[in-house]
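A.B. asks: Submitted below is the structure of interest, expressed as structure tokens.
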Amino acid sequence: MVNTQRSINLEKDQVKIGLEIHIQITALKTKLFCGCSSDYRGKEANTLVCPVCLGLPGSLPVTNKRAIDFAIMVALALNSTISPRTTFYRKNYFYVDMPKNFQISQYDKAGGVPLSIGGIISFEVNGTVKKVRIKRMQLEEDPARLSYYGTIDSSPYTLVDFNRAGVALLEIVTEPDINSPDEARLFLQKLRSIIEHLGVSNGDLQGSMRCDANISLQDGKRVEIKNITSFLEVKRALQYEIIRQKQLIRRGSTVKQETRHWDADRRLTISLRTKETESDYRYFPEPDLVPVEISQTWIEEIRSKMPELPDERKIRFVKEYGIPEYDATVITNSKALADFFEECCHLYPDAKKISNWIMTDLTRNLKDLGIEISESKIKPKHLTDMLRLIDKGEISGKIAKELLSKMISTGDSPQTIIKRENLLKIGDEAQIKKIVDEVFKEFPKAVQDAKKDPNAVNYLVGQVMNKTRGKADPEITNKLIRKMLAELE
Ligand code: ZN
Ligand code: MN
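Per my numbering, residue 514 is the first one in the sequence shown, and the count goes up by one each step.
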């Protein structure tokens, strides 16, 4: 594997990345142009279908008004200009995932008007605010889901499930304002938080948020990477592609304009086909659907019901809970994390303490496990119960760290874990005295040293902690050791 960290030189390489994000409106119960259920996950293949989403001749689509509601909401959140009159277009292509041989989508040329144009998403990169411009946002139908036997390039057949065909998608296209794989990841994190705060889509659902990326180096040809099925994979795919293109350039070869497929299992991109030009899609207006008129009244009605967005929530967290702005930024970058934090604040008075644990140990544990807070089993009450145990002096900070990682992986309450693993702090002097005696016997040299050197006392304390797995009360331990040393004189 290539060492991506070392070999990407962002300035010299002039990396330009644009993203095309497809977000399923999972808040909808039905598909974009028919009444079939859009809740296809875990359902038997090809059971949630009708003549419309199967593209049978003579069937007629009808636009789902709720889908437009959600799209308006997202457009408002991104400061995108909503088109007063928007139309649907046919994007023609011949492929197994699209039974009609065209996708009902939108188009921004030849008289086509997408749902909204422009907009901005800002997010923090190393303490400075980065802004990425949105080019446009449109509504379109999801194609069928394809399954391969093994990898896409070696599979002897393809299975098609039309349950997903016709599910409402929001397509968001950015300008190529992103300059590194890390920025791409941070951008998507912010976008996801916005979408989840709006209640439009649940990013935890497999495949609900997908991403294609185009990337060029040193103003060379653009390569498009398809099939990045989760936001977590984006950074990896982009890092791989930067290295591939750099190696081509270094060898004096040129980068071809093409579409490549991200193979998440093998962690590499493979050439799919040289890119279709737009004219290959033969876009033309969808004659079976009327244009959608979006009145100012409709927009204002949606605006009046807008939920709190991550940036507003961040400001409120600082004001209401008194946590530092940095903490608030990190926490509101994930809706699940922000919900977790806020619920903890309802259960425990010291918000800064909560935030400290979230920002350090909780985040580190989740990262080690490669999961998000929503996938972990820990409950807000578990964290606040743990904080109370520390406050009461029943557990040490060291034990609390151990406890937290166990709460995350098991979902058990701190009380249960403490009981099971016997983790309560030892505050009983007689009990600690016994252990100190043992340590004095085992480490006579350290005892001699400690008589002259107060720093060596710490070594003895450390040994007591070792023997008790950090459970001995440090104050009592210290006091006992000093007392016994004094008696030795
Ligand atoms: Zn249908
Ligand atoms: Mn699309």
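Ideal Cβ positions, reconstructed from N, Cα and C, are used throughout, including at glycine.
On a CA-only basis, which of GLY835, ILE585, LEU916, MET722 is nearest SER817? Give me that one, please.
C.D. replies: Position 304 of the sequence shown, counting from 1, holds the residue named residue 817. The residue with the shortest Cα to Cα distance from SER817 is ILE585.
A.B. asks: In terms of residues, what are the limits of the alpha helix (DSSP H) holding GLU653?
C.D. replies: Here residue 653 refers to the residue found at position 140 of the sequence shown. Element bounds for GLU653: not the alpha helix (DSSP H) but the beta strand (DSSP E), 641–654.
A.B. asks: Straight-line CA distance for GLU754 to ARG779?
C.D. replies: The residue you call residue 754 lines up with position 241 of the sequence shown. The residue you call residue 779 lines up with position 266 of the sequence shown. C-alpha separation (whole angstroms): 13 Å.
A.B. asks: Considering only the alpha carbon of each residue, which of LYS894, TYR796, ALA590, VAL565 lies closest to TYR620?
C.D. replies: For this step, residue 620 is matched to residue 107 along the sequence shown. Of the candidates LYS894, TYR796, ALA590, VAL565, the one whose C-alpha sits nearest the C-alpha of TYR620 is TYR796.
A.B. asks: Between which two residues does the alpha helix (DSSP H) containing GLY975 stretch?
C.D. replies: Numbered from its first residue, the sequence shown carries residue 975 at position 462. Here the alpha helix (DSSP H) through GLY975 covers 967–980.
A.B. asks: Here's the rule: buried if 16 or more other CB atoms are within 10 angstroms of the residue's CB, otherwise exposed. What is GLU825?
C.D. replies: Here residue 825 refers to the residue found at position 312 of the sequence shown. GLU825 comes out exposed.
A.B. asks: For GLN651, which of VAL803, LEU850, GLU533 has the nearest alpha-carbon?
C.D. replies: Translated into the one-based positions of the sequence shown, residue 651 becomes position 138. Per the Cα distances, GLU533.
A.B. asks: Using three-state DSSP, classify GLN537 as helix, strand or coil.
C.D. replies: Position 24 of the sequence shown, counting from 1, holds the residue named residue 537. Residue state, collapsed to three classes: strand.
A.B. asks: Between GLU886 and PHE853, which are expected to be in contact by the criterion C-beta below 8 Å, what is the C-beta distance as a whole number of angstroms?
C.D. replies: Reading the sequence shown from its first residue, position 373 is the one you call residue 886. Reading the sequence shown from its first residue, position 340 is the one you call residue 853. Checking the sequence, you will find Ile at residue 886 rather than Glu. Contact flag correct, Cβ pair sits at about 6 Å.
A.B. asks: Skipping 5 residues on each side, what residues in its chain have a beta carbon closer than 7 Å to that of THR517?
C.D. replies: Locating residue 517 in the sequence shown gives position 4, counting from the first residue. Caution applies to THR517, whose pLDDT of 47 falls short of 50 and renders its modelled position unreliable; the value that the coordinates give is listed next. GLN752, ILE756.
A.B. asks: Does the distance between the C-beta of VAL575 and the nearest non-hydrogen atom of the ligand ZN fall short of 6 Å?
C.D. replies: The residue you call residue 575 lines up with position 62 of the sequence shown. No - the ligand ZN has no heavy atom lying nearer than 6 Å to the Cβ of VAL575.
A.B. asks: Where does SER808 fall in DSSP's three states?
C.D. replies: Taking the sequence shown and counting its residues from 1, the one referred to as residue 808 is at position 295. Looking at SER808 - three-state DSSP - the assignment turns out to be coil, as it is neither helix nor strand.
A.B. asks: In chain order, what residues have a CB nearer than 5 Å to some heavy atom of the ligand ZN?
C.D. replies: The filter returns CYS547, CYS549, CYS563, VAL565, CYS566, in chain order.
A.B. asks: Going by other Cβ atoms of all chains shown within 10 Å of its Cβ, with 16 needed for buried, is PHE607 buried or exposed?
C.D. replies: For the purposes of this step, residue 607 is taken as the residue at position 94 of the sequence shown. PHE607 should be labelled exposed.
A.B. asks: Should GLU684 be counted as a contact of the ligand MN given a C-beta to heavy atom distance under 6 Å?
C.D. replies: Translated into the one-based positions of the sequence shown, residue 684 becomes position 171. Yes; taking the cut-off as 6 Å, the Cβ of GLU684 has a heavy atom of the ligand MN nearer than that.
A.B. asks: So, at 7 Å on beta carbons, what are the nonlocal neighbours of THR687 in its own chain, with the 5 sequence-adjacent residues on each side left out?
C.D. replies: Counting from 1 along the sequence shown, the entry for residue 687 is found at position 174. Only GLY531, LEU532, VAL645, ARG646, ILE647, LYS648 meet the Cβ criterion.
A.B. asks: TYR661 by DSSP, collapsed to three states: which one?
C.D. replies: Taking the sequence shown and counting its residues from 1, the one referred to as residue 661 is at position 148. If DSSP states are grouped into helix, strand and coil, TYR661 belongs with the strands.
A.B. asks: Which first and last residues belong to the alpha helix (DSSP H) in which ARG829 is found?
C.D. replies: Counting from one through the sequence shown, the residue named residue 829 turns up at place 316. Start and end: 823–834.
A.B. asks: Looking at ASP610 and ILE783, is the spacing between their C-beta atoms short of 7 Å?
C.D. replies: The count along the sequence shown starts at 1 and reaches residue 783 at position 270. The count along the sequence shown starts at 1 and reaches residue 610 at position 97. Result no, Cβ atoms of ILE783 and ASP610 do not sit closer than 7 Å.
A.B. asks: Looking only at C-alpha atoms, which of LYS964, ASN979, VAL970 sits nearest to GLU1002?
C.D. replies: For this step, residue 1002 is matched to residue 489 along the sequence shown. The option with the nearest alpha carbon to GLU1002 is LYS964.
A.B. asks: Give every residue of the same chain whose Cβ lies closer than 7 Å to the Cβ of SER550, excluding the five residues on either side of it in the sequence, and list them in chain order.
C.D. replies: Sequence index remark: in the sequence shown, residue 550 carries index 37 (1-based). So the list reads LYS542, THR543, LEU561, once near-sequence residues are dropped.
A.B. asks: With respect to the beta strand (DSSP E) encompassing ASP950, which residues constitute its N-terminal and C-terminal limits?
C.D. replies: For the purposes of this step, residue 950 is taken as the residue at position 437 of the sequence shown. No beta strand (DSSP E) contains ASP950, which is instead part of the alpha helix (DSSP H) from 942–955.
A.B. asks: Does the beta-carbon of ASP881 have 16 or more other beta-carbons within 10 angstroms, so that it is buried, or is it exposed?
C.D. replies: Sequence index remark: in the sequence shown, residue 881 carries index 368 (1-based). Result: exposed.
A.B. asks: Does the Cβ of ASP674 have 16 or more other Cβ atoms within 10 Å, making it buried, or fewer, making it exposed?
C.D. replies: Reading the sequence shown from its first residue, position 161 is the one you call residue 674. Answer is buried; the Cβ neighbour count reaches 16.
A.B. asks: Is it the case that the Cβ atoms of SER918 and GLY983 are separated by a distance below 7 Å?
C.D. replies: The residue given as residue 918 occupies position 405 in the sequence shown. The residue given as residue 983 occupies position 470 in the sequence shown. No. Outside cutoff.
A.B. asks: Please work out which residues of its chain come closer than 6 Å, Cβ to Cβ, to ILE844, disregarding the five sequence neighbours upstream and downstream, and give them in chain order.
C.D. replies: In the sequence shown, the residue the question calls residue 844 occupies position 331. Taken in chain order, the residues that qualify are LEU850, ALA851, PHE854.
A.B. asks: Between the C-alpha atoms of LEU713 and GLU838, what's the straight-line distance to the nearest angstrom?
C.D. replies: Within the sequence shown, residue 713 is the residue found at index 200, counting from 1. Within the sequence shown, residue 838 is the residue found at index 325, counting from 1. First, the amino acid is wrong: residue 713 is Val here, not Leu. When rounded, the distance between both Cα atoms is 26 Å.
A.B. asks: Reducing DSSP to helix, strand and coil, say where LYS996 ends up.
C.D. replies: The sequence position of residue 996 within the sequence shown is 483, counting from 1. Of the three classes helix, strand and coil, the one that applies to LYS996 here is helix, per DSSP.
A.B. asks: Where does ASP690 land, buried or exposed, given buried means 16+ other C-beta within 10 angstroms?
C.D. replies: In the sequence shown, residue 690 corresponds to position 177, counting from 1. Buried, because 16 or more other Cβ atoms sit within 10 Å of the Cβ of ASP690.
A.B. asks: Use the C-beta contact count for ARG877: other C-beta atoms within 10 angstroms, 16 or more gives buried, fewer gives exposed.
C.D. replies: Taking the sequence shown and counting its residues from 1, the one referred to as residue 877 is at position 364. When all chains shown are included, ARG877 counts as exposed.
A.B. asks: Compute the beta-carbon to beta-carbon distance between ALA681 and ILE538, rounded to the nearest angstrom, for a pair I have assumed lies under 8 Å.
C.D. replies: The residue you call residue 681 lines up with position 168 of the sequence shown. The residue you call residue 538 lines up with position 25 of the sequence shown. Confirmed, Cβ separation roughly 4 Å.
A.B. asks: Excluding the 5 residues flanking LEU879 on each side, which residues of the same chain have their C-beta closer than 8 Å to its C-beta?
C.D. replies: Counting from 1 along the sequence shown, the entry for residue 879 is found at position 366. Cβ within range, chain order: GLU885, ILE886, SER889, ILE921.
A.B. asks: To the nearest angstrom, report how far apart VAL565 and ASN740 are at their CA atoms.
C.D. replies: In the sequence shown, counting from the first residue as 1, residue 565 sits at position 52. In the sequence shown, counting from the first residue as 1, residue 740 sits at position 227. Each residue's alpha carbon lies about 26 Å from the other.
A.B. asks: If you draw a straight line from the C-alpha of CYS858 to the C-alpha of ILE948, how long is it?
C.D. replies: The sequence position of residue 858 within the sequence shown is 345, counting from 1. The sequence position of residue 948 within the sequence shown is 435, counting from 1. Each residue's Cα considered, the two are about 39 Å apart.
A.B. asks: Run the proximity test for LEU936: is its beta-carbon closer than 6 Å to any non-hydrogen atom belonging to the ligand HEM?
C.D. replies: For the structure depicted, the ligand HEM is absent and the ligand set comprises only the ligand ZN and the ligand MN.
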